[in-house]
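Scroll down for the structure; my scribbles are underneath it.
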Amino acid sequence: MSKPKVAFYWCASCGGCEEAVVDLAEEILQVVEAVEIAFWPVALDFKREDVERLADGELVATFINGAIRTSEQAEMAHLLRAKSQILIAFGSCSHTGGVPGLANLYDREEILRYVYEEAPSVINPQRVRPEERIEVDEGMLTLPSFWGAVQTLDQTVEVDYYLPGCPPPVGLIRSALQALLSGNLPPKGSVLAPDVALCAECPRKPTKPERLALKELKRPHQVLIDPETCLLAQGLLCLGPATRSGCGAACITGNMPCTGCLGPTSRVLDGGAKALSAVASILDATGEAEIERILEGIPDPVGLFYRYSLPASLLYRRVGNGERAREGRSS
Amino acid sequence: MRAHEIYPNGGPRIGVYVCHCGFNIAGKVNVREVVEFAKTLPFVVVAREYKFMCSDPGQEMIREDVREHRLDRVVVAACSPSLHEATFRRALEQAGQNPFFFQMVNIREHVSWVTEDPREATEKAKALVAAAVRRVIFHEPLQRRRVPVKDRVLVVGGGIAGIHAALTLADAGKHVYLVEREPTIGGHMAMFDKTFPTLDCAACILTPKMSQVAAHPNITLWTYSEVIQVEGFVGNFRVRVRRKPRYVIEELCVGCLQCIDACVYKDARFPDEFNLGLGKRKPIYIPFPQATPRVVLIDPETCIWFKTGKCKQTCLEACERAAIDFKQQERIEEIEVGAIILATGFKTFDARRIPEYGYGKYPNVYTALEVERLVNASGPTGGEVRLRDGRIPKRVGIIHCVGSRDERFNRYCSRVCCMYSLKLAHLIKERTGAEVYNFYIDMRTPGKGYEEFYDRLLQEGVHFIRGRVAEVTDWAITPDEEGKLIIRVEDTLVGAVRRIPVDMVVLAVGLEPQPDADEVRRMFNISCSKEGFFLERHPKLAPVSTFTDGIFLAGACQGPKDIPDSVAQAGAAAAEALALIDKGFVELEPNTAYIVEALCSGCKTCIGLCPYNAISFDEARMIAVINEALCKGCGTCVAACPSGAARQHLFEDAQIFQEIEGVLAYV
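Just so you know, the protein sequences line up as chains B and L, in that order. The letter at position 326 of the first sequence is residue 326 when you use the working numbering, and the numbering goes up by one with no holes. The letter at position 333 of the second sequence is residue 664 when you use the working numbering, and the numbering goes up by one with no holes.
As structure tokens, then:
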């Protein structure tokens, strides 16, 4: 009997998710033993044709990391979807948009202008920009089109499961693979992580006071962080209360606040808004001036509350320059 | 989740009832069209209209349908739920259905009364009905909870309102704790000589009530005491009261006052608070002869023993009952009560805030309250109106609306100043024969016998000048102004600026909330109006209730009022409290919040937010726990819970989202 086939692919991402797979260390050998890797361009030499040759549904499972920003990424997502029985959005970018999703604060033109003209490291007096099609002597050259906004994987194709995290914690990857191999899978659409917030497994939980009344918000570089005490109690904005557990409080163990990469629990419609309202409720301010003063501790609210989730949020993207949300995918 | 997912076989059976409310709704909304539309909505078995759905035949129509059509969900589109939600829930209950399988749509206040165009109004009503139908599918059966109530009442404040409320309840056989901050009860009324418009002697009508309070077997009177903590909820409040040390054992002191005579200070030399500093007292004193309880107290700020530790303690020797105790400590009492009446009163406007009237600068400018003490027979001058230099004034000016009806301070009318100014004008004229001038903006005398009293003053020859006084000055221009205070005013009836020289100026200061009203309101969990007075639940129909069940208001803490109104309100508050505790139990609405234990991460975000202290942290399980008996269903924790583990009956996410989608789907 042939081994079940699986595939790994990356879209708009940093490569960290691929590292996370490798972080399985020697356990990856068990995985390789149990499955046949049919497509993993970042690690092994595969071509698109290798996927196209597969029959529909021939792949038992495909793990796609990265958000969807270009037409090529969307094409690959559709192709892999068709070939896979189970499609898993792997990591924050494909789950909720991730850090690349913060590009939705800018429109397509602003991004291209900055990257090809205004960035300090760019010298481009002719203002040359990449074109989707260009005629050269050898013939027509094409590039994928750069969409007007970043999308999550499930805004592009149907997704069966989500493995959250930036990158997904090894423990969650391991149990997801076990579930997959044993066929013991939760209902379709599930996020393969505990549905309780991070405080539940935080080692500092006993040090959190019952009533927080913060007069000032601090950022990690501004203070010496006590390694034992609840970070919120120290005035540092830790998103643990609004974020799924499953990472073993990795950042907090490293003395840094949770930034929310595992996303909200299943009951929360918009994680950033929820986190924002929870933070608002622990501030001790009387009067607008004091609120303003405290909020100076949050210089980049979208970057804080929607660091991994802007495309998946109710906000989705900034609306401006006559472009409407979910329009302007290609020029 | 969609309805068909939870109801694969058949699904709920919904009845929709659209009310005409006479012409209130039917005059704008096409009720027939709404009914026909409702019939097309999923799971709607029957849809009907009626002239007055809240009437008996209307309710009977619903009850009959519930029985006949086996309805298990009902939507009524009519007026505001605050008016008739209870009515229709009861109808469901009577028909044998759980009363919470019900949703009300407000197509009167939200639609027919506010939407101009009949077409738009009809469409809006349809959208709201569609939303309610989708929502009610997701309703769950809920049970009201009955909680027994404590049979005792706390009255905070021992002015005339608090006294009257306490006596009313005590006479009805209920035990009352009356807590007063000052060393004696009596409040502002005890400072007055006469009361308007009948010129009843204030002491003659008040002091009997004060001694009744002290003697009443059902009243525990704690003066010189303050409420410091309130926990719990309607029927079951736990209150902590701080009893400040008087350095005199209340149970032993009989008020013989020999200690005062024996004090090492031979003369009274410290400003007397009760007389607003116009008189003097010793460090050991009684606020006034009829003070209740008649117990002396020692002021540690002025007593030599407390200041230096060296005193012959002649007071101690003089006391035959060994009632003086220099080592007395404050005591904290804990009580449990079913209802609370707040009667914390008011403070008068600080006249120094209007420097142009010269209070604090010119010695002969007085506040009305000071003059109340001067005209009082038991006051510092024995009832003689004398200036600070002992002269008897020949000309007196009373300036109305000081701090009231003034954009700079308080926009409201303090209601009592016109009348007390007339009373003081009468008394001053009676005692001194002086010419008395009233400077008023408008005379406000709406009350039984009040306008008649004004007429009487006009006939007595008191002068009335209409206009807001610009300033009080001692800068004389003419020789007959020398040595006098000159009131500069535009007489708006004459149309000229006038200068009226007088010997004495009386400032009719307005009524303001107590300076600590905001802290008190927080402690008792009630609201304030924007002026800072405690807010009643409804200005017309619930004038002594607050938004916190079981807490009632009496007297000027709710807004400026005179003695008759304060007493009437105190009686009403006592009746409300009595109705509550006499029933023996309270029914609590089931719209409470709850925490899904398996989903709670124990982040504690909710705990500090609960305005009712209903949430605690279970250290053993490391999760938050809501005491449903304390929960009022405000939803704060539900909104704040960062992981969606806190939820609320009747406000489940599914219900709310279905409602929103229902509106949007139709629009």
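Every residue gets a Cβ at the ideal spot worked out from N, C-alpha and C, and that includes glycine. The model shown is predicted, which means the values in this text are computed figures rather than measured ones.
Interface annotation, B/ARG267: in contact with chain L, CB-CB separation under 8 Å.
About 15 Å separates the beta carbon of L/ILE817 from that of L/ALA827, a gap too long to meet the 8 Å contact definition. Nearest CB-CB separation between L/MET953 and chain B: below the 8 Å threshold. Distance from the CA of L/ILE356 to the CA of L/LEU414, rounded to the nearest whole angstrom, comes to 15 Å.
Within the same chain, and ignoring the five residues on either side of L/ALA599 in sequence, the residues whose Cβ sits closer than 7 Å to its Cβ are LYS611, ARG612 and LYS613. What L/PRO711 touches in chain B, judged by beta-carbon distance under 8 Å, is nothing: the nearest beta carbon there is about 41 Å away. Residue range 835-840 is occupied by the beta strand (DSSP E) that includes L/MET835.
Listed in chain order, the non-local C-beta contacts of B/ALA82 below 6 Å within the same chain comprise ASP56, local neighbours out to five positions each way being set aside. At a beta-carbon threshold of 7 Å, the residues of chain B lying near L/PHE948 are GLU210, ordered along the chain.
Across the set L/TYR688, L/GLN425, L/ALA534 and L/GLU367, the C-alpha of L/TYR688 shows the shortest separation from the C-alpha of L/MET835. By a beta-carbon distance limit of 8 Å, L/PHE784 does not contact L/PRO548. Their separation comes to about 39 Å. The CB of L/PRO973 comes closer than 7 Å to the CB of ALA197, PRO241, ALA242, LYS274, ALA275 and ALA278 in chain B, given here in chain order.
Put simply, the segment 101-111 of chain B does not touch the segment 176-191 of chain B. Fewer than three CB pairs are less than 8 Å apart. By the rule that beta-carbons nearer than 8 Å mark a contact, L/ILE938 touches chain B. Annotation: B/GLY246 to B/VAL196 spans about 9 Å, alpha carbon to alpha carbon. DSSP, reduced to helix, strand and coil, places L/GLY993 within a helical segment of the structure shown.
Judged by DSSP secondary structure, L/MET541 falls within the alpha helix (DSSP H) whose first and last residues are 533-546. Contact note: L/LEU930 reaches chain B through ASP195, VAL196, THR265 and ARG267, using a C-beta cutoff of 8 Å and chain order. Annotation for L/ALA848: the continuous alpha helix (DSSP H) segment containing it runs 848-855. DSSP places L/HIS441 within a helical segment (H, G or I) once states are collapsed to three. The segment 260-267 of chain B and the segment 160-180 of chain B touch, with three or more beta-carbon pairs separated by less than 8 Å. Close to B/ILE298, with beta-carbon spacing below 9 Å, lies no residue of chain L; the smallest spacing is near 16 Å. Within the DSSP bridge table, the entry for L/GLU667 names L/ARG569 as partners.
Using a CB distance cut-off of 8 Å, L/CYS934 counts as an interface residue toward chain B. Per the DSSP secondary-structure output, L/GLU562 pairs in a beta bridge with L/ARG569. For the C-beta of L/ALA970, the chain B residues within less than 8 Å are, from N- to C-terminus, SER277. The C-alpha of L/PRO895 is placed about 12 Å away from the C-alpha of L/LEU537. Going by beta carbons, B/ARG69 and B/ALA12 fall inside the 8 Å limit. Sixteen is the threshold: since fewer than 16 other Cβ atoms of the shown chains lie within 10 Å of the Cβ of L/LYS641, the residue is exposed. The DSSP-derived three-state label of L/THR698 is strand.
A contact between stretches requires three or more CB pairs, one per stretch, nearer than 8 Å, and the segment 514-531 of chain L fails this requirement with the segment 915-932 of chain L.
Between the beta-carbon of L/ASN695 and that of L/ARG719 there is about 7 Å, and that keeps the pair under the 8 Å contact cut. By the rule that beta-carbons nearer than 8 Å mark a contact, B/ALA176 does not touch chain L. Between L/CYS590 and L/ALA545 a beta carbon distance of about 20 Å is seen, past the 8 Å cut, so the two are scored as non-contacting. In this structure the segment 933-940 of chain L does not lie against the segment 958-966 of chain L, because fewer than three pairs of beta carbons, one per stretch, are closer than 8 Å. When L/GLU582, L/VAL733 and L/SER897 are compared, the shortest CA-CA separation from L/GLY488 is found for L/SER897.
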